[in-house]
Structure formats: C-alpha cells, structure tokens
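S.K.: Here it is: the structure, laid out below.
Protein chains: 2
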Amino acid sequence: MEPVTAFAPATVSNVGCGFDVLGFALHEPGDAVTAAFAGGAGVRIDDIVGDDGRLPRDARKNTAGVAAQTLLDAVGDRRGVALTIRKGLPLSSGLGGSAASAVAAAFAVNALVGAGASLETLMACAFEGERIGAGSAHGDNIAPAVYGGFVLVRVPNPPDVVRLPVPAGLTAVVVHPDLEIETARARALLGSEVPLGDAIRQWANLGALVDALHRGDFDLLARAIEDTIAEPRRAPLVPGLAAIKRAAIDAGALGSGLSGSGPSLFALCRGIETARRVARAMTAAIVEHIGGRAPDVYVSPIAPTGARILSPAGPKGPAVQV
Amino acid sequence: MEPVTAFAPATVSNVGCGFDVLGFALHEPGDAVTAAFAGGAGVRIDDIVGDDGRLPRDARKNTAGVAAQTLLDAVGDRRGVALTIRKGLPLSSGLGGSAASAVAAAFAVNALVGAGASLETLMACAFEGERIGAGSAHGDNIAPAVYGGFVLVRVPNPPDVVRLPVPAGLTAVVVHPDLEIETARARALLGSEVPLGDAIRQWANLGALVDALHRGDFDLLARAIEDTIAEPRRAPLVPGLAAIKRAAIDAGALGSGLSGSGPSLFALCRGIETARRVARAMTAAIVEHIGGRAPDVYVSPIAPTGARILSPAGPKGPAVQV
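Have a look at this one:
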C-alpha cells in the first residue's frame, strides 16, 4: 500500500458574531499530511516540515498524531502508521493550523487503512487531536476544514454541524500580519462570564447572520456580523485593529474581524474585485499600524469543499462517506 | 371620521434559545383597541375592559396610551384621541399582553388619523409604549404582534427585524396555567452576567434554529431550541416546569419552554394532530403540578400576519405601508 497524502485548508473561525461556533474554509493555503504503514503499532511522526522545529514530534502530543491514533482506535486498526506533516500554515496565525494538521492526518490515515469513516467520525477524531494537541478545541476550525464551506458548529463533539449556504459572490480576504498570538492568551482575556446584554446582542446578530446567508442578503450580513463579545476584549492584542477594520469597511468590505483569535484578520466581501481592493487597503493599514514584514494576503471565494486526498489520485481518494 | 378598532394577537417571545430576540404570533387571542377623535389635545383612555381595573387609566403610564401618543407625535398630529382597550389577554401571563395593547393602539390611531405610517414606525411607537408603560421593552413580543409570523429582532429600536420563514405544518401550543409572574421579577432572576460557555451554547443553538426554519428541518429545530440561559434560572417560578416540558416532548413536541417570562408555556409541533395531543399532555401535567383553575389552551399554526384593523372594514384598513 503506497503512502497517502491528504490536504486540509486554512479556515477562518469565530467570524464576527459566531465566536466558537462559526467558520469557513479557504481554498488555500493549508497543511498536508502523508501517512504510510510503518513497523510496530500506533502512530509515530517521521518528520514535520515548515514549523522551524517548534511542534511536538511526540505523536501523543501532536494534533495530527492524536487525530490519527484516535481514528485507528475508532476503527480498531492496530497497524503502525508514520506521518509526515508539511505545514503550509504559519503557527499561531489564527488560520486554523492545528485543525488543518489534525484533519489532514485523519483523512490521510482513513484512506491509508481503507476505513471509510464518515465525515462525522473524521471530525470527531480531528477534534480529539486538537483538544489534546492544542490544549483546547472548539470545532469551528475543524468543521470547515472537514466539510468545507461556511459551517455552524451547534455541538462540537459528538459533532452536530450545520452546513450553511454561501451566497454567490461572497468572497473572503485574509491577511496575516507579522505578529504571533497564542490562542491560550487570547482566550484568557475573555474571562468566564460576559454581560447578559452583550450576549443577547451576539445571538441576535448570529441568528440574523444565518438568515442573511440563506437569503443572500448582503446588507443584513454587514449589519449582523459585529462581534460584541470576543473582539472588544481582544483588541489590545492587535495594534491598530480598529483602523485596519475601518480600512476594510471603507474599501467596501461587508464586515471584518479577527480570524480565530488573531493576529490574522478576515474580511467578507461581495465579489472578487471588491475583495482585491479590500485586501490592498487592509495591507496598507497593517503596514502602517503593525509593521514588520509584509503581511501574507489571501483572496478567495469561500471553498465549497474541505480536506481532500492529494495522492494517490484516482477513485481511492477521497475515501470518505459523504 | 368614525372610530377605528384594531386587533393585535398574543405572541410567544424568547422561544427557547431566542431569549429577548425571537418571537412568533398566534392567530388569537389578542387585545383590541378602539381609537376615536375626542376634544382637546393628546391621548386619553376612556375605558379598559377585561383588566379588573388593574391597568393604569393615565394614558401617559399605559402601554397603549404611550404608543398612541408617540405615533401622534411622530406624524405631527395634535388632535385629541380617546382609546378604549379590550383586553383579550390575561395580565402577566407571558402572552405579550402589554405588547398587544401597544401595537393595537398604534395601528388604530394610525388608521384613525390616516397617517399611513410604516410597520417599522408602528413598531417603534409600540416599543416606546411598552418601554414606558411596562417599564422595559425587548421587542420580541412587539415585532411578531406587528409583523406576524416568526421574527428575529436583531435590534429593537430603531427596529431591525428579520422575518423568518415558517415551515409548513409548524404548529404552536400555548397553555396558560393559573399563575401570575411579574416580568420584572422573572428578569431579576437572570442577573447581569452569564457564563461564557452557556452563552456560546445559546448562540450556537439560535443560529441552528434559524437554519432549521429556513430548511424546514424539524429534527434540527428540536435539537436547537434548548435555552441555556433564561429558563434554567427561571424554573423555580413555575412548579413542575421540567415535568410539563417532559410531558410535551413525550407527546411528540419538537420543543417546549416558557412563553416570555412565563407562566405560560409554549410547545412547537409538527402538524395539528400532534399539537392537539401535546396540548392535552401539557394540560394534564399542569393540573397535576400547578393545580388551580384549568389552564387556557391555544393550538394554532403560527399566524402569518400580525395586527389588523377590525373596523371599519374595507379598503381603509389596514392603512399601513408594507
């Protein structure tokens, strides 16, 4: 059996008012994981490329390793599997890198051993990978990396995922400034309680956002996307956050905010032309307010599909039940 | 100009996970308000029928009176108007009685003076009536009483109301036990802060509920309707609340909960036959756990329209811009 390589894309989680529950997939960049049969039992990590040596090589502490082992356990396969992880996503960027590695690993091992696991099972395995490997998991990066598109995670595990419609023309901009934010630090800023009034505004907005996606109502989407909970408390982590968001809106974005816990920012736009203009405006604002190396910029329609098998090509992959 | 009588229906607000933002209209019962020109300037209340003398006769302190005066002020009409209010809704029942009176008054006065105000303006006037007359307002009773159907109030004032689709067959049961709960007391139980985790579950559920209404996905609706915020804290106000809800679910309801701040309970059901069975089961559980006089029971499809002009009939009413 030849090795199997799977790819899982970058994802934007939180998405304004959808803190911890909403996410969407980009076409690229993403992480790729190659799985091959190896001697012994269980999962080992042969190599990680692109992390500057910072991610754990111990499979029991690595999101991809845990996801792979969880899948093998779930399907009762005791063969040894070696993983090679190619990080296309920068660490601590807010682009769902730990989720992408976990999802790609689950997809690759699923195809390697011919388990034919459902997307729901693959999501549960990747969720476990992120929970152990990253210390916490919320599902709003995992779910879009698995299913693609724009998703709402009603319950992360066992997964109850709602695949939302994506209006024609809805286009994402993601810019990654030269900053790192640890998810744990960003989460600590939130505290354990929130004002009831802020929470009510958040769920009113989220309900309206879901309606807007169903109707293709871009005006309502623009009004509803505001985050009253997380972003106001996390704003100090990203210098010039308000100015960068303002630049996006002034250039025509429907809405903008932190991707995950940042430092990347996303914007949602109507059409690719507007998205390119928004990307330029956000880049300029980031250069002014954050500096450092030039930000990475991605402009893409929301990707309708998530993870996929890159090789071997052909009918074998993606070997999942949809 | 002959007097104008308008009717506004009972409404169920909160609706599980939609605390303060979600509501739907019943066909009946409701309140009726008659408006007639009178001497002097401003609004006076001639009579209130069906309140056992408990509602304020001072128009400046009455939800209907304030709503009527706010509309006259908004359209710059200084004529004197006398109101007669017929309460079809019991007081402090959780059926949106103060909203119904305010909405009916706004509709009646709008038609009487020929103002042709928009539904948005009528909602804003009724909102002001409830705010002054009832001490606080949230819009999730006002909006369905104005627009009908199933609505989400993104912002109550100035109103940003999302009219949600109602799947064919979705049927409401409302039972009003022999209890009174003051809205202010029910609200005090909530406190001013809520656990972030509970709030996240609430907005995940609300987003899923909106999706379920769009898709007509009754299974998702049933999973998503759970209220993690208000009802757990208000449960002590209604003896046997958990048992009454359990009876509804066991009889086939998709979900059940307090209507507004109670004591009325609602259930949502698929089809009228199930709804009738659920109504009987809830009634039996209420007799067992609450006692008192037999509960009032309403079984009705969600009403697609809200307030309307009852008389004079004909092209003059409803004299509103839709």
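If you read the protein sequences in the order shown, they are chains X and F. Taken in order, the first sequence gives residues -4 to 317; the numbers are from my numbering. Taken in order, the second sequence gives residues -4 to 317; the numbers are from my numbering. From the three backbone atoms N, C-alpha and C, an ideal C-beta is built for every residue, glycine too. Model, not experiment: these values are computed from the prediction.
Can you confirm whether Ala129/X, when its beta carbon is compared against all beta carbons of chain F, has any partner nearer than 9 Å?
M.R.: Walking along the first sequence from the start, residue 129/X turns up at place 134. By this cut-off, Ala129/X is not an interface position.
S.K.: Determine the chain X residues that contact Ser259/F at a beta-carbon separation under 8 Å, and present them in chain order.
M.R.: Mapped onto the second sequence, residue 259/F falls at position 264. Going along chain X, no residue has its Cβ under 8 Å from Ser259/F, so there is no contact; the nearest lies around 21 Å.
S.K.: Since Leu191/F meets chain X, which of its residues come closer than 8 Å, beta carbon to beta carbon?
M.R.: Walking along the second sequence from the start, residue 191/F turns up at place 196. Those are Leu185, Gly186, Ser187, Glu188, Val189 and Ile224, listed as they occur along chain X.
S.K.: Would you check whether the ligand NAD has a heavy atom nearer than 8 Å to the C-beta of Pro234/F?
M.R.: Inclusion of the ligand NAD in the displayed structure is not the case, the ligand content being empty and no account of it being possible.
S.K.: Check whether chain F comes within 9 Å of Gly71/X, counting only Cβ atoms and requiring the distance to be less than that.
M.R.: Residue 71/X sits at position 76 when you count from the first residue of the first sequence. No, because no Cβ of chain F sits closer than 9 Å to the Cβ of Gly71/X.
S.K.: Output yes if chain F places a C-beta closer than 9 Å to the C-beta of Asn57/X; else output no.
M.R.: Numbered from 1 along the first sequence, position 62 holds the residue referred to as residue 57/X. With 9 Å as the cut-off, Asn57/X does not count as an interface residue toward chain F.
S.K.: As a quick exercise: from Glu125/X, Gly143/X and Asp173/X, pick the residue whose alpha carbon is nearest that of Asn152/X.
M.R.: Indexing the first sequence from 1 puts residue 152/X at position 157. Answer by Cα proximity: Glu125/X.
S.K.: Could you check where the beta strand (DSSP E) with Ala298/X kicks off and where it finishes?
M.R.: Taking the first sequence and counting its residues from 1, the one referred to as residue 298/X is at position 303. No beta strand (DSSP E) holds Ala298/X; DSSP gives it neither H nor E.
S.K.: When we look at the beta-carbon of Pro319/X and count the other beta-carbons within 10 Å, is it buried (16 or more) or exposed?
M.R.: There is no way to answer for residue 319/X, as the model of chain X reaches only from -4 to 317.
S.K.: Measuring alpha carbon to alpha carbon, tell me which of Glu23/F, Ala5/F and Val141/F ends up nearest Ala62/F.
M.R.: Counted from its first residue, the second sequence places residue 62/F at position 67. Comparing Cα-Cα distances from Ala62/F to each of Glu23/F, Ala5/F and Val141/F, the minimum goes to Val141/F.
S.K.: Alpha carbons only, please: which of Ile285/X, Val104/X, Arg196/X and Gly83/X is nearest the one belonging to Ala77/X?
M.R.: Reading the first sequence from its first residue, position 82 is the one you call residue 77/X. Closest option to Ala77/X, Cα to Cα, is Val104/X.
S.K.: Between the region 3 to 24 of chain F and chain X, which residues of the former have a C-beta closer than 8 Å to a C-beta of the latter?
M.R.: Those would be Cys12, Gly13, Phe14, Asp15, Val16 and Leu17, in chain order.
S.K.: Which of the three DSSP states, helix, strand or coil, is assigned to Asp15/X?
M.R.: Within the first sequence, numbered from 1, the residue matching residue 15/X stands at position 20. Coil at Asp15/X, not helix or strand.
S.K.: What alpha helix (DSSP H) runs, 4 residues minimum, are completely inside the region 134 to 163 of chain X?
M.R.: You should have 137 to 142.
S.K.: Run down chain F in chain order and give the residues with a C-beta less than 9 Å from the C-beta of Leu201/X.
M.R.: Here residue 201/X corresponds to residue number 206 of the first sequence, with the count starting at 1. Result: Trp198, Ala199, Leu201, Gly202 and Val205.
S.K.: So, does the CB of Arg126/X fall closer than 9 Å to a CB anywhere in chain F?
M.R.: Within the first sequence, residue 126/X is the residue found at index 131, counting from 1. Taking Cβ atoms only, chain F never reaches closer than 9 Å to Arg126/X, which makes this a no.
S.K.: Going by C-alpha to C-alpha distance, which of Asp47/X, Ala27/X and Cys120/X sits closest to Asp68/X?
M.R.: Counting from 1 along the first sequence, the entry for residue 68/X is found at position 73. It is Cys120/X.
S.K.: Nearest by alpha-carbon distance to Gly60/X: which of Val70/X, Arg74/X, Gly48/X and Ile80/X is it?
M.R.: Locating residue 60/X in the first sequence gives position 65, where the first residue counts as 1. Checked all of Val70/X, Arg74/X, Gly48/X and Ile80/X; the closest Cα to Gly60/X is Ile80/X.
S.K.: Taking only the alpha-carbon atoms, compute the straight-line gap between Glu123/X and Val148/F and give it to the nearest angstrom.
M.R.: Mapped onto the first sequence, residue 123/X falls at position 128. Mapped onto the second sequence, residue 148/F falls at position 153. Approximately 37 Å between the Cα atoms of the pair.
S.K.: Alpha carbon to alpha carbon, how far is Leu84/F from Leu17/F?
M.R.: Within the second sequence, numbered from 1, the residue matching residue 84/F stands at position 89. Within the second sequence, numbered from 1, the residue matching residue 17/F stands at position 22. In a straight line, the C-alpha of Leu84/F is about 20 Å away from that of Leu17/F.
S.K.: Assuming Leu185/X and Leu191/F form a contact by the criterion Cβ under 8 Å, report the distance between their Cβ atoms to the nearest whole angstrom.
M.R.: Within the first sequence, residue 185/X is the residue found at index 190, counting from 1. Within the second sequence, residue 191/F is the residue found at index 196, counting from 1. Indeed, because the Cβ distance is near 6 Å, the residues count as touching under 8 Å.
S.K.: Is there at least one Cβ from chain F nearer than 9 Å to Leu232/X's Cβ?
M.R.: Taking the first sequence and counting its residues from 1, one reaches residue 232/X at position 237. It does not: the Cβ of Leu232/X has no partner Cβ on chain F nearer than 9 Å.
S.K.: Indicate whether Ile43/X and Phe145/X have their beta-carbon atoms separated by less than 9 Å.
M.R.: By one-based count along the first sequence, residue 43/X stands at place 48. By one-based count along the first sequence, residue 145/X stands at place 150. The answer is no: Cβ separation not under 9 Å.
S.K.: Looking at the structure shown, is Gly75/X part of a helix, part of a strand, or coil, going by DSSP?
M.R.: Working through the first sequence from its first residue, we reach residue 75/X at position 80. Correct three-state label for Gly75/X: strand.
S.K.: Which partner residues does Val294/F have in the DSSP bridge list?
M.R.: Residue 294/F sits at position 299 when you count from the first residue of the second sequence. Val294/F is bridged to Val168/F.
S.K.: Suppose the cutoff is 7 Å on Cβ atoms and the five residues either side in sequence are ignored; what does the same chain contact list for Ala179/X look like?
M.R.: Position 184 of the first sequence, counting from 1, holds the residue named residue 179/X. Excluding sequence neighbours, Ala179/X sits near Gly130.
S.K.: Quick check on Arg149/X - is its C-beta less than 9 Å from some C-beta in chain F?
M.R.: Numbered from its first residue, the first sequence carries residue 149/X at position 154. With 9 Å as the cut-off, Arg149/X counts as an interface residue toward chain F.
S.K.: Quick one: measure Cβ to Cβ for Leu86/X and Tyr293/X, integer angstroms, because I've assumed they're closer than 8 Å.
M.R.: Sequence index remark: in the first sequence, residue 86/X carries index 91 (1-based). Sequence index remark: in the first sequence, residue 293/X carries index 298 (1-based). Their Cβ separation, rounded to whole angstroms, is 17 Å, which puts Leu86/X and Tyr293/X out of contact at 8 Å.
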